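These notes are about the structure you will find just below.
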Amino acid sequence: MVGTAPLTARWSNWAGNQRGSATAILRPASPEDVTEAVLDAAATGHRIRVAGSGHSFTAVALADDRRMDLSELATTISVDVERRLVTVPAGMTLHALNSLLARHRLALPNLGDIDAQTVAGAISTGTHGTGAGYGCLSTFVEAVTLVTGTGEVLRCSADENPDVLAAARVSLGALGVLVEVTLRCVDAFVLHAHERPAALTDVLGELPELIGGHDHVEFYWFPYTTRVQVKTNDRVPVNDQPLPRWRGWLDDDFLSNTVFAGACRLGRAVPALAPGISAVSARALTERRYTGRSDRVFCTPRRVRFVEMEYGLPREALPDALAALQRIVDGLPFKVLFPVEVRFTAADDIWLSHGYGRDNAYIAVHQYVGMPYEPYFQAFEKVAAELGGRPHWGKLHYRDAASLATAYPRFADFQAMRDRLDPNRVFTSPHVTHVLGA
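Just so we're aligned: 229 in the working numbering is position 152 of the sequence shown, and the numbers increase by one with no gaps anywhere.
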């Protein structure tokens, strides 16, 4: 179960901005193996961090001691079609989960724009999609099985340990190792996607109607322009307008990945070209409509590497935040090569969820790998924090525990839960200590 690894055994995240070495790599095959590994770490003063698919931009999964990989963890997969509940290993990827659900004519109610994350990684960092009626993916969690820092195996649901569930659905892996997750699903459904270019001022002017009139809404603002690309997804009865394979390849593979990667490389080599590249990009993606299976519409391939910061803001703060962001971009001593993504979620009651107690608008800022980004991200964070923003736990930010404690009303409750479940801080790391405290 435990594979030893020399200090040169390295791990890096998808973006390549987080790299490190572990003293040992743990690959549990069963929940009992997880318990054994945790008890051993607690007894010997070691620390464990669980690494999923590496799709967080922060160091949340970076181990400075022992790293645990759940890809070989086997638990019983249970699909209750009648009750629309599925129980899966926490190390299963969302892609595999979506395929499993489709075989049973079920689906998750909402998804983000990629499906490479593990179930545990996605819920632990508050991964979300967009849709004014939907919270983050953690709101679909009905129950979890958790191995705590004392080796206790806790089943948490509305009926068993409900207070632990309220904390563990977004926990940064600081409360224990998730080994099993039960998710509430819906019947499989088809989405009608409509993607169109628009003027930013027009979109902001009609935002309440736009958000209220569609199941899922997002838009991308292209820096140095007044243009956005608007995407709406709505549930429809039948898949009667599938996207032709050639159009999907052209837009999602060739233009959005191959051509865009080339444009980014050019912009990195000759930064003065960035505004022109952004203007061309804003015009290159034309209007299209199509239908498809929900997860295939929600999720798209992302092969152009970037780093990202994302803030959840009170929805009414969005216009001010975007206006400030435009001024920031125009005043930077370097150029921005990626569009800015804007999404929306509903309020929830999960203690460390970015949407705790309020409807959110999310603004995500990106920069192509190899380009400077810290002054850009830091300037945006200052604006977002002043507007009551909460940083996405899996995206880059510069906040510490003292700062974050004021952003989350249940932060102290989470800390008390952490003291109870992991008194010896088996699951800490320098990053976890920085954002949650010692």
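No residue lacks a Cβ here, since even glycine has one placed at the ideal position from N, Cα and C.
Source: prediction; values computed, not measured.
Around the beta carbon of residue 201, a 10 Å sphere encloses 16 or more other beta carbons of the protein chains shown; the residue is thus reported as buried.
Runs of the beta strand (DSSP E) lying entirely within the stretch 276 to 353, each at least 3 residues long, are 293 to 298, 304 to 313 in chain order. Minimum Cα-Cα distance from residue 225 among the listed residues 199, 498, 452 corresponds to 498. Of all C-beta pairs linking the stretch 432 to 440 to the stretch 390 to 397, three or more are shorter than 8 Å, placing the two stretches in contact. Shown here for residue 136: same chain residues with a beta carbon closer than 6 Å to its own, the five before and five after excluded, namely 95, 508 in chain order. Boundaries around residue 98 are those of the beta strand (DSSP E), 96 to 98, since no alpha helix (DSSP H) includes it. If you ignore the 5 residues before and after residue 468, its C-beta comes within less than 6 Å of the C-beta of 388, 474, 476, all in its own chain and listed in chain order. Collapsing the DSSP output to three states places residue 207 in coil. Shown here, residue 496 sits in a helix according to DSSP, grouped into three states. The C-beta separation of residue 256 from residue 111 comes to about 6 Å, placing the pair in contact by the 8 Å criterion. DSSP, read as helix, strand or coil, puts residue 153 in coil.
For residue 391, the enclosing beta strand (DSSP E) has its first and last residue at 383 to 391. Ranking 450, 448, 443, 431 by CA distance to the CA of residue 462 puts 431 first. Of 239, 206, 210, the smallest CA-CA separation from residue 221 is found for 239. Check the Cα spacing between residue 405 and each of 217, 276, 454, 215: the tightest is with 454.
With a contact defined as Cβ atoms closer than 8 Å, residue 378 and residue 330 qualify at about 7 Å.
Residues of the same chain with a CB within less than 8 Å of the CB of residue 241, apart from the 5 flanking positions on each side, are 223, 231, 233, 252, 494, 498 in chain order. Uninterrupted beta strand (DSSP E) stretches at least 3 residues long and entirely within the stretch 434 to 475 occur at 437 to 445, given in chain order. Your pair residue 303 and residue 278 checks out as a contact, with CB atoms roughly 7 Å apart and the cut at 8 Å.
For residue 257, the secondary structure class from DSSP, reduced to helix, strand or coil, is strand.
Taken atom to atom, the span from the alpha-carbon of residue 161 to that of residue 183 is near 7 Å. Judged by DSSP in its simplified three-state form, residue 200 adopts helix.
In the displayed model, residue 421 falls within a strand according to three-state DSSP.
Each residue's CA atom was taken as its position, placing residue 426 and residue 293 some 21 Å apart.
Taken through DSSP and simplified to helix, strand or coil, residue 109 comes out as helix. Between the alpha carbons of residue 449 and residue 271 lies a gap of roughly 34 Å.
Between the alpha carbons of residue 368 and residue 266 lies a distance of about 10 Å. DSSP, reduced to helix, strand and coil, places residue 184 within a strand of the structure shown.
The beta carbons of residue 351 and residue 429 sit about 36 Å from each other, so the pair does not count as a contact at 8 Å. 307 is the residue among 209, 142, 307 whose C-alpha sits nearest the C-alpha of residue 363.
An exposed status is given to residue 314, since fewer than 16 other beta-carbon atoms sit within 10 Å of its beta-carbon. In this structure, DSSP gives residue 512 a helical state, which the three-state scheme calls helix. Going by beta carbons, residue 115 and residue 442 fall outside the 8 Å limit. In the DSSP assignment, residue 125 is bridged to 143.
With a cut-off of 8 Å on Cβ pairs, the stretch 243 to 251 is in contact with the stretch 120 to 138, counting three or more such pairs. Just measuring C-alpha positions, the residue of 152, 512, 290 sitting nearest residue 209 is 290.
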